[in-house]
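S.K.: Those letters in the sequence shown? Residues 334 to 554, by our numbering.
Just so you know, even glycine gets a beta-carbon here, dropped at the ideal spot from N, CA and C.
Keep in mind that this is a model prediction, so the values were computed, not measured.
Dropping a structure here in structure tokens format, bear with me for questions.
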Amino acid sequence: MRINIIQHTPNERPGSILDWAHDRGHDVYIYHPYQFGILPKVDETDMLVIMGGPMSVNDDIDWIEFERDIIKELAEKDVPIYGACFGAQQIAKTFGAKITTSTAKEVGWAPVYLRSERIPGIYNKLTAMHWHGEMFEIPKNGELLFSSDLVENQGFIIGDRIVGLQFHFELGTDEVREIVTNDNKYVAGSDLNQTNEDILSKPVPKENKQVMYAILDYIAK
Numbered sequence: 334m335r336i337n338i339i340q341h342t343p344n345e346r347p348g349s350i351l352d353w354a355h356d357r358g359h360d361v362y363i364y365h366p367y368q369f370g371i372l373p374k375v376d377e378t379d380m381l382v383i384m385g386g387p388m389s390v391n392d393d394i395d396w397i398e399f400e401r402d403i404i405k406e407l408a409e410k411d412v413p414i415y416g417a418c419f420g421a422q423q424i425a426k427t428f429g430a431k432i433t434t435s436t437a438k439e440v441g442w443a444p445v446y447l448r449s450e451r452i453p454g455i456y457n458k459l460t461a462m463h464w465h466g467e468m469f470e471i472p473k474n475g476e477l478l479f480s481s482d483l484v485e486n487q488g489f490i491i492g493d494r495i496v497g498l499q500f501h502f503e504l505g506t507d508e509v510r511e512i513v514t515n516d517n518k519y520v521a522g523s524d525l526n527q528t529n530e531d532i533l534s535k536p537v538p539k540e541n542k543q544v545m546y547a548i549l550d551y552i553a554k
């Protein structure tokens, strides 16, 4: 299977998503539209992964709109799609949901709570990395998958092929360090009241990789 990953900034990499793809024997192609203006072709995509980024889905940028066109076409073809943070917001907007300023600026580690039993192998409570200032509505054809203490709409599932999460299960220790090293100013004003040192000192929960694998196995089956 060819997995096309759209990465929107150098410091938000696929992390354990890449591990999963390699462990399952899939081919991976990573695109950087913010730099090169190139997006994957629909007929060359067996699975699409859309990563996070500092831009807004409401920005008037051509490739952001083109990306949603790809999401729409792939969804119509029943191709599995996973979106993290900005990627989840792109999926939600593609399906008609609004993306607005978040009710809380969540930057740092915080618990998330499972709201649906659709996907097996997921714990009821997990600790995830949050790094966002906007949030999505749940698409009309979607089901709430996760919530946090500060923002209810943290994840959704559409059918059995599409999942979007506002937070990050994919990050390993190196990816967390890379985000904090390069985007540390964004921590200021977070409602989670954590410093960069607080974020870096917490070990990445081992359960996060397990759950990332469970989600990807589910939509790719």
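What are the start and end residues of the beta strand (DSSP E) that includes E439?
M.R.: For the purposes of this step, residue 439 is taken as the residue at position 106 of the sequence shown. Taken as a continuous stretch (DSSP letters only), the beta strand (DSSP E) holding E439 covers I432 to L447.
S.K.: DSSP three-state call for V361: helix, strand or coil?
M.R.: To locate residue 361, count along the sequence shown from 1; it is residue 28. Correct three-state label for V361: strand.
S.K.: Which class does G492 belong to by DSSP, given the choice of helix, strand or coil?
M.R.: Taking the first residue of the sequence shown as position 1, residue 492 is located at position 159. Here G492 sits in coil by DSSP.
S.K.: With C-beta atoms as the reference, is Q487 less than 8 Å away from V445?
M.R.: Position 154 of the sequence shown, counted from the start, is the residue given in the question as residue 487. Position 112 of the sequence shown, counted from the start, is the residue given in the question as residue 445. Taking 8 Å as the Cβ cut-off, Q487 and V445 qualify as a contacting pair.
S.K.: Measuring alpha carbon to alpha carbon, tell me which residue in R346, V440 and L477 is nearest E467.
M.R.: As a working mapping, residue 467 is identified with position 134 in the sequence shown. The shortest Cα separation from E467 among R346, V440 and L477 belongs to V440.
S.K.: Considering only residues of the stretch 447-514, which uninterrupted beta strand (DSSP E) runs meet the minimum length of 3 residues and lie entirely inside it, listed in chain order?
M.R.: Counting whole runs of 3 or more residues, the stretch 447-514 contains the beta strand (DSSP E) stretches 458-469, 476-481, 488-491 and 495-498.
S.K.: Using DSSP bridges, identify the partner residues of P541.
M.R.: Within the sequence shown, numbered from 1, the residue matching residue 541 stands at position 208. The amino acid at residue 541 is misidentified as Pro; the sequence shows Asn. DSSP lists no partner for N541.
S.K.: Beta-carbon separation of A421 and F479 under 8 Å?
M.R.: For this step, residue 421 is matched to residue 88 along the sequence shown. For this step, residue 479 is matched to residue 146 along the sequence shown. No. Outside cutoff.
S.K.: Have a look at P387, W442 and I383 and flag the residue whose alpha-carbon is nearest the alpha-carbon of Y519.
M.R.: Here residue 519 refers to the residue found at position 186 when the sequence shown is read from its first residue. Out of P387, W442 and I383, P387 has the C-alpha closest to the C-alpha of Y519.
S.K.: Going by DSSP, what residues sit across from I383 in a beta bridge?
M.R.: Your numbering for residue 383 matches position 50 in the sequence shown. DSSP lists I339 and G416 as partners of I383.
S.K.: With the cut-off set at 8 Å, would you say E377 and R335 are in Cβ contact?
M.R.: Working through the sequence shown from its first residue, we reach residue 377 at position 44. Working through the sequence shown from its first residue, we reach residue 335 at position 2. Yes. Within cutoff.
S.K.: If you run the structure through DSSP and keep just helix, strand and coil, what is Q368?
M.R.: As a working note, residue 368 is residue 35 in the sequence shown. In the structure shown, Q368 sits in a helix (DSSP, three-state: H, G or I).
S.K.: Would you mind reading off the limits of the alpha helix (DSSP H) that contains A521?
M.R.: Locating residue 521 in the sequence shown gives position 188, counting from the first residue. Note, A521: premise wrong, no alpha helix (DSSP H); not H, not E.
S.K.: Measure the C-alpha to C-alpha separation of T433 and E508 and round it to an integer number of angstroms.
M.R.: Here residue 433 is taken as the residue at index 100 of the sequence shown, counted from 1. Here residue 508 is taken as the residue at index 175 of the sequence shown, counted from 1. Rounded to the nearest angstrom, the two C-alpha atoms are 26 Å apart.
S.K.: Using a 10 Å radius around the Cβ and a threshold of 16 neighbouring Cβ atoms, would you call I371 buried or exposed?
M.R.: Position 38 of the sequence shown, counted from the first residue, corresponds to residue 371. Under this definition I371 is an exposed residue.
S.K.: From I552 to Y367, what does the alpha carbon distance come to, in whole angstroms?
M.R.: Here residue 552 refers to the residue found at position 219 when the sequence shown is read from its first residue. Here residue 367 refers to the residue found at position 34 when the sequence shown is read from its first residue. Near 27 Å, if we compare the C-alpha coordinates of Y367 and I552.
S.K.: For I548 versus V496, is the C-beta spacing smaller than 8 Å?
M.R.: Taking the first residue of the sequence shown as 1, we reach residue 548 at position 215. Taking the first residue of the sequence shown as 1, we reach residue 496 at position 163. Yes. Within cutoff.
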